[in-house]
Amino acid sequence: MTYLKTILIATLLMIVSSTALTYDKVALELNSKINFTTEDIAGIDVETGYGVEFALSYNFMEQLGVYVGWGWDQYVHEASRVNTGFVFDEMGYTFGLQFVRPFGSSEELSYLLKVGGIYNKVSIEPETSGARVFGPELGWEIAAGVQYDLGKTWYLRPQIGYRSLTGDDSFSGYTYDFKLNNIAFGLGIAKSF
Numbered sequence: 001m002t003y004l005k006t007i008l009i010a011t012l013l014m015i016v017s018s019t020a021l022t023y024d025k026v027a028l029e030l031n032s033k034i035n036f037t038t039e040d041i042a043g044i045d046v047e048t049g050y051g052v053e054f055a056l057s058y059n060f061m062e063q064l065g066v067y068v069g070w071g072w073d074q075y076v077h078e079a080s081r082v083n084t085g086f087v088f089d090e091m092g093y094t095f096g097l098q099f100v101r102p103f104g105s106s107e108e109l110s111y112l113l114k115v116g117g118i119y120n121k122v123s124i125e126p127e128t129s130g131a132r133v134f135g136p137e138l139g140w141e142i143a144a145g146v147q148y149d150l151g152k153t154w155y156l157r158p159q160i161g162y163r164s165l166t167g168d169d170s171f172s173g174y175t176y177d178f179k180l181n182n183i184a185f186g187l188g189i190a191k192s193f
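Rendered as structure tokens:
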């Protein structure tokens with residue numbers, strides 16, 4: 001927890017510094033995504049998930065920067081005659097490095113690479129009883145995509161990524177393990193300052 005706070009404070013200090021206010025160093029991004037789990041969550045087969053993420057990035061070099069963000073994702077397991085329905089909510093923070101470099105001599109099209117961590121909790125909400133929260137836990141993410149310049153500091157960012165979050169929790173004398181690994185396809189829009 002202290003390690004995460006240190007990373008977040010250091011990142012925010014870099015963003016707030018006077019050099020962060022120069023042209024095209026800071027960007028805000030809104031990213032909507034569709035998630036496909038690579039395996040069952042806590043032994044339950046879920047449908048395709050969806051989510052949204054807000055991120056703030058700061059380029060400390062021309063093509064390399066740091067990002068911090070907040071995101072929410074949801075997965076649903078429909079009820080049947082045998083099973084109760086469940087809703088899985090994943091919510092938390094992202095942080096890491098981001099690399100954006102133009103394709104050759106192109107001024108409009110760049111490739112985007114991200115590698116970082118996630119600090120999320122998972123809430124499992126059965127239809128018949130109260131929610132059970134796992135975490136927060138520390139995980140990791142990688143992503144790749146393209147950035148298309150829409151003009152006047154606006155960018156379109158389609159991306160594909162992989163996230164991994166694992167943890168365990170004790171409840172009523174039992175220890176439950178959960179793994180939330182997914183492949184996400186996202187479409188983001190970013191505004192740089």
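When we follow the numbering used here, the leftmost residue of the sequence shown carries the number 1, and every step to the right adds one.
Glycine residues also receive a C-beta, built at the ideal position from the N, C-alpha and C atoms.
All values reported here derive from a predicted model rather than from experimental measurement.
Would the stretch 139–151 and the stretch 110–118 be scored as touching if the rule is three or more Cβ pairs under 8 Å? These segments touch.
Have a look at Phe-60, Val-122, Leu-97 and flag the residue whose alpha-carbon is nearest the alpha-carbon of Tyr-67. Taking the first residue of the sequence shown as 1, we reach residue 67 at position 67. When each option's Cα is compared against that of Tyr-67, the closest is Leu-97.
Rounded C-beta distance between Ala-144 and Leu-109? I'm assuming under 8 Å. Residue mapping note: residue 144 aligns to position 144 of the sequence shown, counting from 1. Residue mapping note: residue 109 aligns to position 109 of the sequence shown, counting from 1. No, Ala-144 and Leu-109 are not in contact; Cβ-Cβ is about 14 Å, not under 8 Å.
Local conformation of Lys-152 per DSSP, three classes: Translated into the one-based positions of the sequence shown, residue 152 becomes position 152. Note: Lys-152 maps to coil in three-state DSSP.
Drop a sphere of 10 angstroms on the beta-carbon of Gln-159, count the other beta-carbons inside from all chains shown, and report buried for 16 or more, exposed for fewer. In the sequence shown, counting from the first residue as 1, residue 159 sits at position 159. Counting the other Cβ atoms within 10 Å of the Cβ of Gln-159 gives 16 or more, which makes it buried.
Bridge partners of Lys-121, per DSSP? The residue you call residue 121 lines up with position 121 of the sequence shown. Bridge partners of Lys-121: Met-91.
DSSP puts Val-133 in a beta bridge; with which residues? Working through the sequence shown from its first residue, we reach residue 133 at position 133. DSSP output for Val-133 lists Ser-123 as bridge partner(s).
I'd like the span of the beta strand (DSSP E) that includes Val-68, first residue to last. Along the sequence shown, one-based indexing puts residue 68 at 68. Run containing Val-68: 64–77, per the beta strand (DSSP E) assignment.
Check whether the Cβ atoms of Gln-74 and Gly-51 sit closer than 8 Å, and answer yes or no. Position 74 of the sequence shown holds residue 74. Position 51 of the sequence shown holds residue 51. The answer is yes: Cβ separation under 8 Å.
State the Cα-Cα distance for the pair Asp-149 and Phe-95, rounded to the nearest angstrom. As a position in the sequence shown, residue 149 is number 149, starting the count at 1. As a position in the sequence shown, residue 95 is number 95, starting the count at 1. So the two alpha carbons sit approximately 24 Å from each other.
Does the Cβ of Ser-105 lie closer than 7 Å to at least one heavy atom of the ligand NAP? Ligands displayed in this structure: none; no statement on the ligand NAP is therefore possible.
Got a sec? Which residues, its chain only, sit under 6 Å from Arg-132 by beta carbon, not counting five neighbours each side? As a working note, residue 132 is residue 132 in the sequence shown. Correct list, in chain order: Ile-124.
Let me know if Gly-186 comes out buried or exposed under the rule of 16 or more other beta-carbons within 10 Å of its beta-carbon. Position 186 of the sequence shown holds residue 186. Taking all protein chains shown into account, Gly-186 has 16 or more neighbouring C-beta atoms within 10 Å of its C-beta and is therefore buried.
Would you kindly work out how many angstroms separate the C-alpha atoms of Ile-9 and Phe-99, rounded to a whole number? Here residue 9 is taken as the residue at index 9 of the sequence shown, counted from 1. Here residue 99 is taken as the residue at index 99 of the sequence shown, counted from 1. Cα-Cα distance, rounded: 21 Å.
Go ahead and pull the three-state DSSP assignment for Lys-114. To locate residue 114, count along the sequence shown from 1; it is residue 114. Lys-114 falls in the strand class under three-state DSSP.
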